[in-house]
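Chains as they are written, first to last, in the working numbering: chain A, -5 to 90; chain B, 23 to 445. No residue lacks a Cβ here, since even glycine has one placed at the ideal position from N, Cα and C. Encoded as structure tokens, the structure appears first; notes follow it.
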Ligand SMILES: Cc1cc2nc3c(=O)[nH]c(=O)nc-3n(C[C@H](O)[C@H](O)[C@H](O)COP(=O)(O)OP(=O)(O)OC[C@H]3O[C@@H](n4cnc5c(N)ncnc54)[C@H](O)[C@@H]3O)c2cc1C
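What follows is the structure, encoded as structure tokens:
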């Protein structure tokens, strides 16, 4: 028991204090496969970090309905519910 | 508990953090969680980098056999003469700069009880181990095809010298020659890969050796993006590409490197250039670690990518049985990010969240003609399943402009992902 609690204390000390607040919502990390998260890659696919969340949601809704033409985003947007899309958009908006 | 609380408050101030970093307390340094990653390809390099960005306190060591990684995506364009192999090669300096301890060596043994990995003369301990070893060839599964045969009849299914060998053979071939490709049954790395390669070899023949022809001998009747490929072949390569399905006798049953001949149940096909894509399995270290099952691939939990066979060991990328997700670099990278988040949670005793993953595989049918298959995936009954209504392939009736746009997006994807992983 002594040893166990020592390990628990060690783990506590090492916990990053604000880890949870920054956790990306489900699906959010997969967008950067195509939408570069850094300015270094030369690409016609726009960066999503820091983009207004309302704009991202509106684009996703329009891709899903087919109102906005797309080569691939229609097929991807259909995989996310409104709530999931909103969480992803909010998280992306908060990134640099 | 008082000590823990005051210690935590102490560590919270940034000055104290800087001091702790400069003069690490031995007791603290020992407790920093250690994650070992074996394999520095699309899956493993992504896991290592993502872990460091989630929590820089995690000690991450990446073990990779080669100092230079050669990427398979777009290697078909190298074979087709559209691209230099150099554009496929990446080093690990940026991972080192991100604080990943990169060890260039081959891991040879895993002890899941003592939680250690052996490589060269040393043994490294881990709290959690991530395996991303990609594929190995099932030597002997196709009679006649062994390592010596591969030096004559290249597979080029792991990029590098094999890619160059196949390219050189095509360049050296006289016009009028027959190129033969053999394609295995599922599952294998990159389901649309053989058909992209067939397209780009046909493109090379059509533009540089018009009296030559490619015959594709397939162990399947159905394949990824089939109608898109077949429509494009009819339009672009009617005289240069012939696909022989399983039912039409396409399954190769043995090869003979001495005569450069491929045999099916119905006859023998001699080739000037033979590209044998052989049956595959998870990279050998997976079998050694005990995380591969009788299929040769690794069953995993779809939330954490932890092996269902050996606790404490996670597997990502081609080596996994990932349900509906295909074995692609895109999948490996997406899985890696989910796995890294789960590992970081598990190291602190927290619960990983249920993930959503995306895959998209672009293929070039010609330099300005791209097609794609996409999907969104979620855990369902111990598997990764496609989210209903999502995904699918490029439209059959798209205009030339859309095909050209997809070719541009394909290259953009490659630049973006290789920058994220290695740049
Ligand atoms: C011709 C072709 C075209 C392709 N095109 C595409 C495409 O357009 N898009 C796409 O998404 N995917 C594509 N792929 C698939 C893609 O290459 C793989 O899915 C991807 O590389 C899988 O990543 P991974 O991390 O699982 O394995 P890999 O990227 O192969 O990495 C595995 C690494 O582990 C190392 N390793 C293995 N064992 C050990 C050990 N014991 N010790 C140390 N190091 C070890 C290896 O050296 C290797 O570097 C293509 C594949 C081929 C063959």
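| Check | Outcome |
| --- | --- |
| Residue 69(A): contacting residues in chain B (beta-carbon distance under 7 angstroms) | 396, 412, 413, 414 |
| Per-residue DSSP class, three states only, for residue 85(A) | helix |
| Identity of the residue in 445(B), 393(B), 437(B), 408(B) nearest residue 420(B) by Cα | 393(B) |
| Closer than 8 angstroms at the beta carbon, the chain B residues around residue 31(A) | 442 |
| Close-in-space but distant-in-sequence residues of the same chain around residue 80(A) (CB under 7 angstroms, 5 per side omitted) | 51 |
| Closer than 7 angstroms: residue 59(A) CB and nearest ligand 1 heavy atom | no |
| Given residue 370(B) as reference, the closest of 60(B), 149(B), 85(B) once Cα atoms are compared | 149(B) |
| Residue span of the beta strand (DSSP E) that contains residue 140(B), given as start and end | 138 to 141 |
| Interfacial residues, the segment 43 to 68 of chain A to chain B, with Cβ spacing under 7 angstroms | 65, 66 |
| When 82(B), 199(B), 274(B), 206(B) are compared against residue 159(B), the one with the closest alpha-carbon | 206(B) |
| Own chain residues within Cβ distance below 8 angstroms of residue 435(B), not counting five before or after | 352, 382, 384 |
| Runs of alpha helix (DSSP H) wholly within the segment 237 to 307 of chain B (minimum 4 residues, chain order) | 248 to 258 |
| Proximity below 8 angstroms, CB of residue 291(B) to CB of residue 283(B) | yes |
| Proximal residues to residue 346(B) (C-beta, below 8 angstroms), its chain only, five neighbours per side dropped | 397, 399, 405, 406, 407, 408 |
| Cβ of residue 9(B) within 8 angstroms of any chain A Cβ | Because residue 9(B) is not part of the residues shown, which for chain B are 23 to 445, the question remains open. |
| Near ligand 1: residue 211(B) beta-carbon under 7 angstroms from a heavy atom | yes |
| Beta carbon proximity, residue 438(B) to chain A, threshold 8 angstroms | yes |
| In DSSP terms, what residue 342(B) is bridged to | 320(B) |
| Nonlocal neighbours in the same chain, by C-beta distance under 8 angstroms from residue 113(B), ignoring five residues either side | 89, 90, 91, 444 |
| Whole-number beta carbon distance between residue 167(B) and residue 277(B), since they are thought to touch under 8 angstroms | 5 angstroms |
| The segment 247 to 264 of chain B in contact with the segment 179 to 191 of chain B per 3-pair CB rule at 8 angstroms | no |
| Check: residue 69(A) C-beta below 7 angstroms from any heavy atom of ligand 1 | no |
| Residues of its chain near residue 269(B), where Cβ-Cβ distance is below 7 angstroms and the 5 sequence neighbours each way are ignored | 243 |
| Beta-bridge partners of residue 401(B), as assigned by DSSP | 406(B) |
| Limits of the beta strand (DSSP E) - the one that residue 157(B) falls within | 157 to 159 |
| Cβ contact check for the segment 161 to 178 of chain B and the segment 233 to 252 of chain B: 3 or more pairs under 8 angstroms | no |
| Where residue 228(B) falls: helix, strand or coil (DSSP) | helix |
| Proximal residues to residue 162(B) (C-beta, below 8 angstroms), its chain only, five neighbours per side dropped | 168 |
| Near ligand 1: residue 339(B) beta-carbon under 7 angstroms from a heavy atom | yes |
| Sheet register partners of residue 386(B) (DSSP bridge) | 392(B) |
| Nearest-angstrom Cα separation, counted from residue 344(B) out to residue 266(B) | 29 angstroms |
| Below-8 angstroms beta-carbon distance, residue 36(A) vs any chain B residue | yes |
| Members of the segment 109 to 128 of chain B that neighbour chain A once the beta carbon cut-off is set at 9 angstroms | none |
| Any C-beta of chain B under 8 angstroms from that of residue 24(A) | yes |
| Cα-Cα separation, residue 19(B) to residue 58(B) | Because chain B here runs from 23 to 445, residue 19(B) falls outside it and cannot be looked at. |
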